[in-house]
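Notes to accompany the following structure.
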Amino acid sequence: MTTTEEQWVRDFAHLALRVNRRMEGSATGTVLIYRGPGEWRARTEREEPRPAGQLADDAEELLGAVSLFAPGRARYLTAQVRALRAVARRLSGEELPLAEYARECLGVTARWLPEDMFDDAHARLDKALPPGTGSLTDRLHAWQSAHTLPAGQLDVLPALVGRAVAETRRRTHAFVPLPADEEVRCRLVSGARFRAAGDHEGGPRSTIHINRDLPFNLADLLYVVAHEGHPGHIAESLLKERLLVAEQGRTDQQVRFMLAPSFVISEGLGLHAQEIAFPGDEAQAWLTDHVLREHGMPPDGSDFAAIHRVQNALFGVWANAAFLAAEGRTDTELTHYLSRWALLSETDAAAAVGSLRATGMALYVLAYFHGWRLLTTWLATPDRPQRVRRLLTEQLLPADLEEPDGGP
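The opening position of the sequence shown corresponds to residue 108 in this note's numbering, with each subsequent residue numbered one higher.
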């Protein structure tokens, strides 16, 4: 029986570790960022995996004891445990419609998006790309190819990422103070499921991992580095570790379940990160002066910021594709939908289908689009700098950002 806040957090960590252990055996892999005590992780690794139904019961017990905490914190923790409970129930065989599953896990209202949104995004992309012949998909891929770092030059990428990290850190520091001793490395990896990933390793150390098996578009350098680093994932993890865990004792922040409401906000922040740090055309100007010209990529009349805003909006296509997958549509139908509306090649669309069908990935896809859309409205205010600081330093829920005053 949980009787103290410390015991509650311990039991919460054990529940998250146990649910993650069940997920690690699926195509999704790990869905937990864990920075808590090593002995807690070791305990769950030694024990026999618990049945999913028992994990759901464990979540119910935690929900019954969350009143140990002050109301604001209890509300945040309740949302995290509800997500774990929903996933445990799913693992035990309970099937919920995707919209209801998203509401339980992510705390957002997800529904089919009108394709007029994508038509509008395509029209904006048409204006942002250099003039050319062929379909919009062909022109987008030609623009990407024109800015792609040749495969034989990938070894220069860590140095370029380092330059971008220095600039994004400098600009993020204007919103919220960053520690002077922070170290961010870049590591090229093979065989990864991701394009790039920002990993805060604890203390001042972090690494941005780049998948060397995929082409890297240098026009996306700041878009990627800001998302994974500053003011995106690494900055958020670093600052919350220092401000929430070390100073306020909120050790639950060390247990971050990735199919929960907090990650709607984290991914929304990541997708807005470049625009936060580089308003207007500042990202394109910096890239032109510091990266592109030295790699033989002169200005071509394109609008990088507009292209990236369209790419963010087109995460809505992935959200619709997740609903199609939940309806049982065929791989061929999903591939066609992603090719038509997300402007993916047939090869990339087919690979995306496999990801969408992995347990939990439909939820994560919804987190990207709904996080981006939520923050688009919430950050469009005169107190934008203060709101950016809140995203980086407070435990917020999607519902907090939907309230008229911007939060509790």
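All C-beta atoms in this analysis are idealised placements derived from N, C-alpha and C, irrespective of residue type, glycine included.
- Task: Name, in chain order, the residues that DSSP records as bridge partners for A304.
- Result: H316
- Query: Going by the CB atoms, is the gap between H337 and T275 shorter than 8 Å?
  - Reply: Their beta carbons are under 8 Å apart, which means T275 touches H337 by this criterion.
- Message: Does the stretch 187-203 come into contact with the stretch 358-378, if we say contact requires no fewer than three beta-carbon pairs (one atom in each stretch) closer than 8 Å?
- Response: yes
- Any idea what DSSP makes of G239, helix, strand or coil? If DSSP states are grouped into helix, strand and coil, G239 belongs with coil.
- CB A459 to CB L445, shorter than 8 Å? yes
- Item | Own chain residues within Cβ distance below 6 Å of E374, not counting five before or after | A474, Y475 and G478
- How long is the line joining the alpha carbons of R277 and R153, rounded to whole angstroms? 44 Å
- Task: Closer than 7 Å by C-beta to A449: which residues in its own chain qualify, once you throw out the five before and the five after it? Chain order, please.
- Result: Only L421, V424 and W425 meet the Cβ criterion.
- Query: Mapping DSSP to helix, strand and coil, what is R292?
  - Reply: strand
- Message: Does the distance between the C-beta of L498 and the nearest non-hydrogen atom of the ligand ADP fall short of 7 Å?
- Response: Within the structure as shown, the ligand ADP is missing, as the structure has no ligands at all.
- Item | Buried versus exposed call for V362 [16 or more other C-beta atoms within 10 Å across all chains shown] | V362 sits buried, since 16 or more C-beta atoms from the chains shown fall within 10 Å of its C-beta.
- Along the beta strand (DSSP E) that carries F364, what are the first and last residues, could you check? In the DSSP assignment, F364 falls within the beta strand (DSSP E) that extends over V362 to F364.
- Any chance you could list the alpha helix (DSSP H) runs of at least 4 consecutive residues sitting entirely within the stretch 385-459, in chain order? 389-394, 411-420, 422-433 and 438-449
- Closest by C-alpha distance to R128, when choosing among T185, G309 and A159: A159
- Message: Considering just the uninterrupted stretch of the alpha helix (DSSP H) at L328, what are its terminal residues?
- Response: L328 to E335
- Query: What residues in its chain sit with their C-beta under 6 Å from that of R196, if we drop five residues either side in the sequence?
  - Reply: A163
- If you draw a straight line from the C-alpha of D407 to the C-alpha of L508, how long is it? About 38 Å.
- Query: Do you know offhand how far V173's Cα is from L184's?
  - Reply: 7 Å
- Between which two residues does the alpha helix (DSSP H) carrying L470 extend? M468 to W485
- Item | First and last residue of the uninterrupted beta strand (DSSP E) at L139 | L139 to Y141
- Query: My guess is that A253 and A413 are in contact by the Cβ rule of under 8 Å, so how many angstroms apart are they, rounded?
  - Reply: Between A413 and A253 the Cβ distance is about 16 Å, and since that is not below 8 Å, they are no contact.
- Item | Beta-carbon contacts of A303 that lie in its chain and below 6 Å, excluding the five residues immediately before and after | Beyond the five residues adjoining it in sequence on each side, A303 comes within less than 6 Å, by CB distance, of I317, V331 and E335 in the same chain, given in chain order.
- Message: Comparing C-alpha positions only, which one of L394, G356, V398 and R312 sits nearest to L285?
- Response: R312
- Query: Three or more beta-carbon pairs under 8 Å between the stretch 215-222 and the stretch 139-151, yes or no?
  - Reply: Fewer than three beta-carbon pairs drawn from the stretch 215-222 and the stretch 139-151 are found closer than 8 Å, and the two stretches are therefore not classed as touching.
- Residue burial classification, H379 (beta-carbon count within 10 angstroms, cutoff 16): buried
- Would you report the Cα separation of R292 and Q360, rounded to the nearest angstrom? 23 Å
- Contact check, R319 vs S297, beta carbons under 8 Å: yes
- Query: In the structure shown, what three-state DSSP assignment does T255 receive?
  - Reply: strand
- Message: What ranges does the alpha helix (DSSP H) occupy inside the stretch 146-187, keeping only unbroken runs of at least 4 residues that lie completely in it?
- Response: 159-172
- Task: Pull up the distance between the alpha-carbon of L169 and that of A465, whole angstroms please.
- Result: 28 Å
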